[in-house]
Amino acid sequence: MFCFNCGNKLQEKFTQKCVVCGIKFDKFCQNCSFPVPSFANFCPNCGSYITKSSEYFTMEELKKVAVMFADVSGFTKLSEKLSPDEVRNLINEFFEFILRPVYNLNGTVDKFIGDCALILFGLKSSQPDAPLRSVQCALEMLRLSKEFSKTKNVELSLSIGINYGLVAVGKIGGLFEKDYTVMGDVVNTAQRLQTAAPPDTIYVSESIYKETNENIEYTGPIELNVKNKSQIVKCYIPKSTVTHVDYSKVVKNLTARYTIKVIDNIVNKSSDFLVIVCPDGCGKRYILLNIISQLERSNLRYYFISLPNNNFSKPFYLLSLLILKILNVNFEDSVMLKKNRLISFLEYLFKEDYKMAEKCFNYLSLVLQIDLNEDFKLFLSYMTQEDIEFEIYEVISSFLKKVFESEFAVVIIDNITFADKDSFDFILDFVSKQLQNKPFFIFSSSSEIHRVPKELHLKIHKLSNEEIKTAVTIQFNAKDVEEVSLQLLMNISEGKLDYFVEMLKWIDVKKLFTLSNGVFKINLSQQNIEDIRRNIILDKLSNIEDEVLEFLKIAAVYGHRFSSKIIFNILQPKIEHTYLLSQVQKLNLIRLIDTVYNSNFTDKIYEFVEPEIVKILLDFIPQQTKRMIHLKIATTIEKMISQEDLTIYYETLYYHFKEAGEVLRAANYLFELAMQYKKMQLGKFAVEWLNKLLDEIKVENSPDCLSLIVSTLEQLAALEKSFGNYENALKHYNKLLMLAKTDEEKFLLETEICECFILQNNFKKAEDILSELQQKLLPSNFAKTKVLYLQCLYKSYTGSSDLLMLVSQLETALKESNNFEDLAQILNIVSYSLYTFTSETKKVALYLKKALNYANKSKNLLLKAKILTNLGILNYENGNPSEALKFLTSAFELAKVLSNRHLQLILLNNIGIIYFEKGLFKRALEYFSEAFSYAHEWKLVYEECITLQNIAELYLEKGNIIESYNFFSQSFDLANKFNFISEKALSLIGMAKAMLEKSNLSAAEEFLNEALHTMSVNKENRVELEYLLAKTKLHLLQNDIEQATTTIEQAMKTVEQLKNLLIRNKTFRMYSQVLKCKKEYSKALETLKTCEKLASQTGSFLEFAKTYYEIANIYALLGNKKEFEENIKLASLGAEKIDEECSIKFSIMSLLNKMKG
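Structure follows, in structure tokens:
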């Protein structure tokens, strides 16, 4: 069992409380007996609903907060002298006076409990310095309390207790009365410390002390026995703040204009984001800190993300950091902690929408690299990589919308140039959408971002002489600055704020200046002036103890951002850890970034203040020593990090082992990382890392290395084959063939190579390999079945006559091994072969239904959807639209479940076409419109192009020629832009057909000539037939009967190669029109009788009406009134079933009027 809050493993005897984070469990789940906290709505283990009592706590989030209880004593005595009103007024005045520093230091007064105030720091947003500000606030409150007592001549005193850690933030109460508050052991301990503290005394916990001892002077420790605590509690008494030279006034003065500009953008909402362009050293950190300070003062929620420059191209890296920041956890936190925080946050966020919460959990687990459940893994295996990524972005979008819709927030992303491109593209797209409550994004970069408009860049400039002069006069209380000194400051700092401030600090500490008559002058020797920035750092390093320097060296080898726990474990210093860290922080060499919670320990993450420090430290270390440190770092991480959390460190381990010269060990972590991505169904990224691995170890020759190369090639080959990249797969299989040692290995590799050649349509090579495989067939059943499968696959694609006999044998073999998936796959391919090479549609349907049966047994949803689609198309082309619609609709529902966007659009268009051909134009347009909307939203241009053509055809049939032409024109623009040859030709033919309806014959001929030129690049039967039919109609309108006859005869030959009954019907009708113009009426009527049968077979009201209209037209020309009336009546009956006005209805009405007139 694990704590839902921190992921700590719970021991049986401690199930009432987590010993790590202090969360209490007051009940057990009735379903699974898992310990449950009082505020949970659902069991963290099994998800069962937890019955609530009349008063309960609703958790909204978990946060790291500094909790302060401040109790006033002395009012009881005053009540003996003053009236109740006077006492109440005095209490209000007292609290108003002493609580000013709470607001100045961005704290929150949560509530008053009698004469005690509950105050929180870090509640509004994650604040690493919350502990420090809480102690600074307490010291100031104590001072103000004494001042108030002296001024008012009263005896009032404060006792304060402060603690720091994870608390549950939420609402407590019954149905009608709720109070926003915090709960947990951290809160209880803070209250106990306050109770134990004597008057005018502050007691802080050990957690506060550890976070603040480098900035606060303490006495202690004091050991306390407190209520409900079995162990002694250590506490400390803060005395004063360690005095540092304050440069905040200078910095604020120099950065104020930039801060104001950013805040104005946020307040006025003049844009959705802003890019702060700040060259290295020009004060970016100061500007961002000032912005954050302003946001805190304005009570605005913010999320701050700093991107490291070594993110190893992790997929969704920036988005994962943003999600983690919202969850209030860190990237290095334990997997269990991240998982449990995600569950509890989604439960709060989506409340009653369980399905959305589950969907978000599954896909966000992919992004955060949390282990997936087996059912979801299986589900992902049926999806394409493209659709998985699409769903991930859709879920992230829904998650962020939900997070930001309740509260406006600012997202600050530092070093955006280190972001992964896909995440950044997503964020830019997200902020461009019309959202109800859109967050404001601030990006920082060292240079302009070309895809962002120039007006959205805020450029940070170097300091001018005047700015440096003003800053020096403020800091040193001078009236002027000597010109030489001013120029020296400008030259050495290069006008960069970071360098300038650091230089001022050094000059101040070393007293390298004089003030004579208010004029500031620097006193530096030539030696000090040269490379002063480096000398400042060297000077700091020369004044620290040996163990502190060693700590910094190991940290520098670790990287710009490092784990203090790992470094201490390697160094094993005699100096106390907190003292060591305080020394380097005081020298402004490193700064605390965050605290992370691994399964085995809590860790503090620090970073070096500037890259130059790392560079100088690395210069101190010989190359051989560096390699040894890298090795020690890697092995220490392996030793200290739990197995379940080690995945978080794969990239780090790869880097350190590589730098240590341990190429094979580094490569093994690359392989593990790739396998992690493969396991998460992110195959694209797995391929990327596997290729990198091959580059890393290509010069290694050890047996272990060879084994890793083989495993890597096997994985690459299988992944590339699954993606349809057969050329790449063949390259890897051939390398494996060269490395194979046994006949069995070679045989199995040759079967894979053979399959790739078949799927590549390289039948000659496939045939040669198949022949060799049959000659050296291995005795195992697996080998025999594999060869049989390849024979069936080969003969399916080539249309061999003995295919069905082999299929029968393969079916028996695969059924015996319960391999229903491969069986369904091969039968689906066999049915396509029969459809292509024979006219035996009944056999095609039989094999498709068998394939569907086996697909159901295999539970492969994607395969099932494809087979249902094929059954639908087969029934449509065989003139069975009702059955076709059943199969296609079922396939569409599966495609939606699988988020297979391409298949969804194919099915929407096919269903629309069936309704269109039936004459149900309204339904058809609904499906086409839905397909167009999705294609446009999903940016699937090819499907958008096809849908536009279908809509254009529908409007053409309705007689709305202008609309039809416009849609054909839009389709042409897309096809031309993206070089879709066939669709470009079809769009040109469509525009020609629209011009023919308008009798603009010259324009129609021009379009058809361009279509013919386009078709010369890639001629397809369906496109050629459309061209020939349109060309025939043009010749008829030009009264060129001879050319019309030649063209329609070509069309009749072409249609023989197509099996679609509706297309055949249209072609025969056009042939009848040519015969009618040639006055060969008997032949025309004979042809239309064939059309009559085809229209009846297809069940198309539209074709039914058109066919009988053509027959009636011929009888009208022959003067056969009886036959005319019979057929025009049948045409009218067909037209009545068409649900909207259309061309055929007008034609029938026109012919009737003509005959009456």
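Using the UniProt record's numbering, the first residue of the sequence shown is number 1, and each one after it goes up by one.
Quick reminder that beta carbons are idealized off the backbone N, C-alpha and C, glycines included.
Computed from a predicted structure; not experimentally measured.
Identify whether residue i lies in helix, strand or coil by the three-state DSSP scheme.
i: G173; result: Residue placement at G173 is poorly supported in this model, since its pLDDT is 42, which falls under 50; the coordinates still yield a value, given next. Strand.
i: residue 1164; result: For residue 1164 there is no data in the structure shown, the boundaries of the chain being 1 and 1157.
i: E957; result: helix
i: I621; result: coil
i: A1095; result: helix
i: M675; result: helix
i: L441; result: Here residue 441 is Phe; the residue named in the question, Leu, does not match the sequence. Three-state DSSP puts F441 in a strand.
i: Y203; result: strand
i: F424; result: helix
i: Y236; result: strand
i: H457; result: strand
i: N104; result: helix
i: M383; result: coil
i: L563; result: Position check: residue 563 holds Ser in this sequence, whereas Leu was assumed. Looking at S563 - three-state DSSP - the assignment turns out to be strand.
i: D129; result: coil
i: N1009; result: helix
i: R341; result: helix
i: S464; result: coil
i: S54; result: In this predicted model, S54 has a pLDDT of only 39, less than 50, meaning its place in the structure is not dependable; the value taken from the coordinates is given anyway. Residue state, collapsed to three classes: coil.
i: S858; result: helix
i: S149; result: helix
i: S1150; result: helix
Rounded C-beta distance between residue i and residue j? I'm assuming under 8 Å.
i: F123; j: T108; result: For the sequence presented, residue 123 should be read as Leu rather than Phe. Right, their Cβ atoms sit about 5 Å apart.
i: C137; j: L193; result: About 15 Å separates the two Cβ atoms, so there is no contact after all.
i: V242; j: T189; result: Rounded, the Cβ-Cβ distance is 25 Å, inconsistent with contact.
i: I621; j: V609; result: Not quite, the Cβ-Cβ distance comes to about 19 Å (not below 8 Å), so this is no contact.
i: L318; j: S423; result: 4 Å
i: Y927; j: G912; result: 3 Å
i: Y1109; j: I1144; result: 6 Å
i: Y558; j: I605; result: 11 Å between Cβ atoms; not a contact.
i: Y597; j: G281; result: In fact, because the Cβ distance is near 34 Å, the residues do not count as touching under 8 Å.
Give me the DSSP bridge partner(s) of residue i.
i: A1116; result: The partner list for A1116 (beta bridge, DSSP) is empty, contrary to what the question assumes.
i: Y604; result: At residue 604 the sequence reads Lys, which differs from the Tyr that was named. Its beta-bridge partners are T595.
i: K111; result: L118
i: T241; result: I216
i: V519; result: D480, S516
i: E223; result: K234
i: F68; result: Before going further, note that residue 68 is Met rather than Phe in the sequence given. I119, I162.
i: V167; result: K63
i: L274; result: I442
i: Y302; result: V410
i: M680; result: Note: M680 sits in no beta bridge, so no partner.
i: V182; result: V169
i: S542; result: For S542, which the question treats as bridged, DSSP gives no partner whatsoever.
Can you determine whether any heavy atom of the ligand SAM sits closer than 6 Å to the C-beta of residue i, and answer yes or no?
i: L694; result: The ligand SAM is not part of the structure shown, which contains no ligands of any sort.
Inter-stretch contact (C-beta, 8 Å, three-pair minimum) for the stretch 350 to 369 and the stretch 866 to 875: no
Can at least three beta-carbon pairs, one atom from the stretch 977 to 988 and one from the stretch 1008 to 1028, be found at a separation below 8 Å? yes
Inside the stretch 925 to 1006 only - alpha helix (DSSP H) runs reaching at least 4 residues: 941 to 958, 961 to 978, 981 to 997
Contact between the stretch 397 to 415 and the stretch 304 to 317: three or more CB pairs below 8 Å? yes
Minimum length 4: unbroken alpha helix (DSSP H) runs contained in the UniProt repeat "TPR" (710 to 743): 726 to 739
Is there contact here, the stretch 546 to 565 with the stretch 575 to 583, by at least three beta-carbon pairs under 8 Å? yes
Check whether the stretch 444 to 452 and the stretch 274 to 292 touch, using three or more Cβ-Cβ pairs below 8 Å as the test. yes
Could you name each continuous beta strand (DSSP E) segment of 3 residues or more that falls completely within the stretch 1032 to 1075, going from the start of the chain to the end? none
Along the chain, which unbroken stretches of the beta strand (DSSP E) at least 3 residues long are found entirely within the stretch 389 to 423? 409 to 414
Contact the stretch 455 to 465 vs the stretch 426 to 436: 3+ CB pairs below 8 Å: no
Taking 8 Å as the cut-off, does the stretch 838 to 848 touch the stretch 857 to 865 (at least 3 CB pairs, one atom from each stretch)? no
Every unbroken beta strand (DSSP E) inside the stretch 748 to 803 [3 residues or more]: none
Examine the Cβ distances between the stretch 132 to 150 and the stretch 198 to 213 and report whether three or more of them are shorter than 8 Å. yes
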